[in-house]
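Colleague: Residue numbers (full-length UniProt numbering), protein chains in the order written: chain Y, 1 to 726; chain A, 1 to 726.
1) Would you kindly check if the distance between the Cβ of residue 74 (chain Y) and the Cβ of residue 58 (chain Y) is under 7 Å?
2) Quickly, what does DSSP pair residue 293 (chain Y) with across the bridge? List them, please.
3) Residues of chain Y with CB under 7 Å from residue 75 (chain A), in chain order?
4) If you measure between the beta carbons of residue 70 (chain Y) and residue 505 (chain Y), is that distance less than 7 Å?
5) Could you give the distance in angstroms between the alpha-carbon of residue 512 (chain Y) and the alpha-carbon of residue 581 (chain Y)?
6) Distance, Cα to Cα, residue 378 (chain Y) vs residue 395 (chain Y)?
7) How many angstroms separate the CA atom of residue 417 (chain A) from the CA atom of residue 362 (chain A)?
8) Taking 7 Å as the CB-CB limit, is residue 540 (chain A) close to chain Y?
9) Among the residues of its own chain, which have a CB less than 8 Å from the CB of residue 48 (chain Y), if the five just before and after it don't count?
10) Report yes or no: is there a C-beta of chain A within less than 7 Å of the C-beta of residue 157 (chain Y)?
11) Since residue 552 (chain A) meets chain Y, which of its residues come closer than 9 Å, beta carbon to beta carbon?
12) Mapping DSSP to helix, strand and coil, what is residue 554 (chain Y)?
13) Excluding the 5 residues flanking residue 560 (chain A) on each side, which residues of the same chain have their C-beta closer than 7 Å to its C-beta?
14) At a Cβ threshold of 7 Å, is residue 716 (chain A) touching chain Y?
15) So, do the region 556 to 572 of chain A and the region 596 to 611 of chain A have three or more beta carbon pairs nearer to each other than 8 Å?
16) Is it a yes or a no for the region 346 to 357 of chain Y touching the region 319 to 338 of chain Y, going by three-plus beta-carbon pairs under 8 Å?
17) Taking any Cβ of chain Y, which residues in the region 475 to 492 of chain A have a Cβ under 8 Å from it, in chain order?
18) Does any CB atom of chain Y fall closer than 7 Å to the CB of residue 176 (chain A)?
19) Can you tell me whether residue 413 (chain A) is buried or exposed? The criterion is at least 16 other CB atoms within 10 Å of its CB, across all chains shown.
20) Compare the C-beta of residue 253 (chain A) with all C-beta atoms of chain Y and state if any pair is closer than 7 Å.
21) Using the beta-carbon count (16 or more within 10 Å), is residue 16 (chain A) buried or exposed?
22) Who are the Cβ neighbours of residue 276 (chain A) in its own chain at under 6 Å, not counting the five residues just before and after it?
23) Determine whether the beta carbon atoms of residue 239 (chain A) and residue 196 (chain A) lie at a separation below 7 Å.
24) From residue 199 (chain Y) to residue 603 (chain Y), what distance separates their C-alpha atoms?
25) Would you tell me roughly how many angstroms separate the C-alpha atoms of residue 551 (chain A) and residue 590 (chain Y), rounded to the nearest one?
26) Need the endpoints of the alpha helix (DSSP H) that residue 9 (chain A) sits in, please.
27) Output, in chain order, the set of chain A residues within a Cβ distance shorter than 8 Å of residue 524 (chain Y).
28) Measuring straight from C-alpha to C-alpha, what distance separates residue 391 (chain Y) and residue 248 (chain A)?
29) Do residue 39 (chain A) and residue 95 (chain A) have their beta-carbon atoms positioned less than 7 Å apart in this structure?
30) Between the Cα of residue 613 (chain A) and those of Y:429, Y:260, Y:28, Y:2, spot the shortest distance and give me the residue it belongs to.
31) Run the CB neighbour count on residue 665 (chain A), radius 10 Å, all protein chains shown included, and call it buried at 16 or more, exposed below.
32) Contact between the region 296 to 313 of chain Y and the region 326 to 333 of chain Y: three or more CB pairs below 8 Å?
33) On the DSSP bridge list, what partners appear for residue 338 (chain A)?
34) Look at the alpha carbon of residue 92 (chain A) and the alpha carbon of residue 82 (chain A), and state the distance between them as a whole number of angstroms.
35) Would you check if the region 168 to 186 of chain Y and the region 515 to 524 of chain Y touch, i.e. whether three or more CB-CB distances between them fall below 8 Å?
36) By Cβ distance, which residues of its chain are closer than 7 Å to residue 65 (chain Y), with the 5 residues on each side in sequence left out?
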């Protein structure tokens, strides 16, 4: 009946929310629950992110454009995007309680952004229609949508950790600026009146503001040692001043920034993860509350296997029966047909563990001509190809090939050797096709199969093949911890990538408005005399033009992004500034660049470094404590685990396919069960997952206290960063 | 009698060894004990370090010299130094047990260094006498003496922590090099055959070795974005290659280096500090064993106050009676006239706490004409000058002066204002002289009194005055933690300074042999045409000459050190390399520079950053736990503590004098005891001291188990780094 169905839907949502760490205070009415299930449907999310991407990509087609499109076209697409976003917000409003909706700053943010964008579009459209000059200022708001959609949890977390670190960073920054001020004063007194000159003949260290800026740039080391040379040439004693300055400001203060960011990051990250763990557990308790039954009078409430099965089928419909049974046998340890609260709460984590189900499939040749395929030479060949040495021989071949490529290619012997290597690679493919079932082979080797005799493509294929060398390195134990951590950092880099894109996008939009068209890039083949000064006479004879930096400009969104990456790397940014954008506009253009430096290099990059450091320390500490799950133990108990020597737990194997089939190799070892399980490599657990596991171990398994929701309680530390700043 | 004297000497040595964390297995015979006391005499240590400094400074006078001296003169001085070092080693050999002496690698190191130096001097002298070319190769060994003398404990610890981190750094380095190799291969394939050119017209990315080097330099960001521009100008898509490269190698790998260094640093530092704490306690137990008496039959052994007093007088003869009595009253809490083992063990720490004894002295004017000095207006003036507002007003004046200096000095109004400020400063001095007792005043203001109307010196005085602004910043609470940590880092920077000097000295010696005289610096006024290419035609038209880098050379030890600092800062090092030293010598000169980069930037600077990070985290964690000592509590109990408002615990006060007198201010508050104690500011505790305190808190106070000596046991982790490497 419908009430039971609704109960199951509700429980399934709680489990799924726990599984993906969603913290949504949805309405528990049957209709809202169904709407919420729809809201979480993957297709809708993909659609949302697709339109988000479209919305952001509009910058490529809007003035200043990489590929110009008429205004009406981009406007139309943008209105479509806005419509989609509005529908999504309305959908969300229907799902959660009304007062919760209006209390949640992220919803208000989205509504404000959408309204402002619409207003801006109308104004801009009207101005353009009347042929006036207009600025699409609302474009800077676009990336903020990424932060404020319900799915942007990770990104919001990153922003929160930045905001939490800000006050402390600010105090260090004040001290740092104070130190620069003092040093600038000293420099002015020491060097200003000595009549020294820079290389280009301008007076050296005479203006207080210039000195401050020069010293700020020196902190980034970008103008070292040039800024020191005139003073040093006059007297070597002045070098001491600069050395002390670098020691204090470049080394000590920059380390202090890192220390402050790292300390805050650690503190808040751990607090947030702790709260996430509690919230997850609490949701599971709610799901249990919905499904629980009293088996006997006065007994503990339980969930029966039938309800549990129905629930899991709802939560993850594509789970195989075997997999589900495995999970149940882990939960129902004593085979009682029902589980209590403590066992039930594990479900969300159990579902999160990726398990590879391994099925055996015969090779098609085996069915076609079994006698030939099963003959002794054929079997020997199969064993040969599957042998470790086969892989090693081919790794060696790639290595030799790599060396050959590094050598002089003019030598005909070496040029021809390419064809030998190509033949060897084709041989490898044929041999593997013979041994492995085709589906297995293609899932493993999709990259390498697009061989083409065309030289250019061969190069790219080669580059991809060289990446296989990583497998050689990965098999050396010493490198394992390092590579494990690097892989674990992967998912977080995606979050940082979004973070960087948000910041870059805003700076790119502002930069384009400020600097578009000031610098022009001429193709190599161009003979225009303006090429020598990037099309701007003001740049004639400057370092910017001399160093051929014309393509470092804000003329379109792609160039802007690349320029911002260069500014992040910091080196030569004073050249881009001084002789570039400050020359063609105004000296105050520096503010833009210094602001970018403070935000991206001092704050965001340090958070990134802090993250990498923490990932390493977690990795080092986790190595010691054993975090093997009950599931792993169960699989071992049931003897369903894949023998280690059959499937090396190494990088490339696991990278190539999750639904790993052993294919034809089965034929060699017929006494194995036809279905086996394997936990997807532990190395793909993220740092967050490891932290969660650590905090779960800390938490009393019987502790089901109500908890604070990190996102919706209005707790000061965890409120929406954008809203409370606005 | 002599046996008792000997007992006290022995106990005093144990206490003093514990106090300064010395780990010397000295012979306990009376004669050896006396010799050991002599060995630890401060004058001998100062003498040793003085000759160490002389020995190192010889590089200034030896060829290539800053101030050339004849060979016989430097040789004579060096022989004198060697003689002193030899005497010191012989002295040490007489003090410690013979087998311990030969088991200790640092002694063998010293003997080997001294022998090699002597051999080298003889060979060099003979070669020079016969007019042959000779190389003073033993000069690279000189700084190693700093590491291997008994007093170089901190430095040895730093080297050990580097050595312990080396294996792990090495594995990351291999991966890192592997990554560079792969990227270089990809770059060769992607860009090598496109016929691109650098700005100077040379082909771009065609030689594998050149690409590898360029990419290595890119990791340091020194050649960004120049190395990318030719490819980026050809097609913006190639920028993606460089961005991925920078992300992986510059950001991730460099963070991984820091993580590995930091992790090891933390692990081994804590282990060493823990062992130091145990060793210290064990030495105190031995001292107790020497002095203990059995007061009653079957009772616990104790040390009487008389013995204790004699011991403390031996250990620290310049301790005032009042101070000693204070320490005794802290140890003998229950006033029993004798203390047990647990209380006795504290002594080393108690002696390490700096206590300021405050005496009151009347102002000379008070004795000269008391009626005038004690009159109401005079008293008001005194109160005024001692008031907080007086300091604040003068801080404000300095601030205004600072602003004026930053402004345009051509303006006559501003130039004349200097004289107003000068008058104000003189007024301040006069007022303070009136209020404070002269000795107090001069100990506080020795810096500021050398006022001189000469403009140049006035500037320097002003700069020193500006430093007083730090006091303003320091009084703001928010900045306290940061400034505290920065001050705590101070002593460690001295150790790092020594470490850096050891490494720089070795590189400077080698660099001078390799590159001396290749590049010449011409004074600004010189009209020699060779000035344009630094006196070396090979440099004609290179960036090195264009950027006016001629003074960046290895022509003497001072220039070498400054050049090495520039290389540490990393920026432009490829310019120094490429167009500088590689051009004038050979392309393999790069090996020298890359080696320097790996050792100094990747290893030593990361250890420095790790140290700063750890100092901050210790500071943050110590803030919470209360580490007030029993001594502080005792002083408070006895009501001998200086009232807080009388003596601000702030930076500048405490910096100026340790033996702080309150001088004439006493007259205003006559009801205070004439002698008071104050713990010297907690902010000067070093990070090591804080760590020791933390570990002491961890250790059971009754736990006196035998421990391992970190330096002399031959424990693998703690053996001498230089010896086991040699």
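Beta carbons are placed, not taken as given, at the ideal position from N, Cα and C, and that holds for glycine.
Modeller: On the basis of the supplied data:
1) Using a Cβ distance threshold of 7 Å, residue 58 (chain Y) and residue 74 (chain Y) count as a contacting pair.
2) Note: residue 293 (chain Y) sits in a beta bridge opposite Y:302.
3) Near residue 75 (chain A) there are no residues of chain Y at all, since even the closest Cβ is about 27 Å away, more than 7 Å.
4) Here residue 70 (chain Y) is not near residue 505 (chain Y), since their CB atoms are 7 Å or more apart.
5) Taking the CA atoms as reference points, residue 512 (chain Y) sits about 12 Å from residue 581 (chain Y).
6) Residue 378 (chain Y) and residue 395 (chain Y): Cα-Cα distance of roughly 24 Å.
7) Near 37 Å, if we compare the C-alpha coordinates of residue 362 (chain A) and residue 417 (chain A).
8) Not one chain Y Cβ lies under 7 Å of residue 540 (chain A).
9) When the five nearest sequence neighbours on each side are left out, the beta carbons in the same chain lying within less than 8 Å of the beta carbon of residue 48 (chain Y) are those of 84, 85, 88, 149, 151, in order along the chain.
10) No - not a single Cβ of chain A is within 7 Å of the one on residue 157 (chain Y).
11) In chain order: 225, 229, 232.
12) Correct three-state label for residue 554 (chain Y): coil.
13) 508, 511, 512, 554, listed in sequence order.
14) Note on residue 716 (chain A): pLDDT 36, under 50, position unreliable in the model; no value is reported.
15) Yes, the region 556 to 572 of chain A is in contact with the region 596 to 611 of chain A.
16) Touching, yes, given that three or more Cβ pairs across the two stretches are closer than 8 Å.
17) So the close ones are 478, 479, 482, 483, 485, 486, 489.
18) No, no contact with chain Y.
19) Under this definition residue 413 (chain A) is an exposed residue.
20) At a cut-off of 7 Å between C-beta atoms, residue 253 (chain A) does not count as an interface residue with respect to chain Y.
21) Counting other Cβ atoms within 10 Å of its Cβ, residue 16 (chain A) reaches 16 or more and is therefore classed as buried.
22) Counting only Cβ-Cβ distances below 6 Å, and skipping sequence neighbours, we find 21.
23) In this structure, residue 196 (chain A) does not lie closer than 7 Å to residue 239 (chain A) by Cβ.
24) Roughly 34 Å separates the two Cα atoms.
25) Rounded to the nearest angstrom, the two C-alpha atoms are 31 Å apart.
26) Start and end: 2 to 19.
27) Within chain A, the C-beta atoms nearer than 8 Å to that of residue 524 (chain Y) come from 233, 234, in chain order.
28) Their backbone Cα atoms lie some 27 Å apart in a straight line.
29) Result yes, Cβ atoms of residue 95 (chain A) and residue 39 (chain A) sit closer than 7 Å.
30) Ranking Y:429, Y:260, Y:28, Y:2 by Cα distance to residue 613 (chain A) puts Y:260 first.
31) Per-residue confidence for residue 665 (chain A) stands at a pLDDT of 41, beneath the threshold of 50, marking its modelled position as unreliable; the derived number appears in the next sentence. Of the residues assessed, residue 665 (chain A) falls on the buried side of the cut-off, its CB having 16 or more other CB atoms within 10 angstroms.
32) Yes, the region 296 to 313 of chain Y is in contact with the region 326 to 333 of chain Y.
33) For residue 338 (chain A), the beta-bridge partners assigned by DSSP are A:304.
34) For residue 92 (chain A) and residue 82 (chain A), the distance between alpha carbons rounds to 15 Å.
35) No, the region 515 to 524 of chain Y is not in contact with the region 168 to 186 of chain Y.
36) Non-local beta-carbon contacts of residue 65 (chain Y) in its own chain, meaning distances under 7 Å to residues more than five positions away in sequence, involve 556 in chain order.
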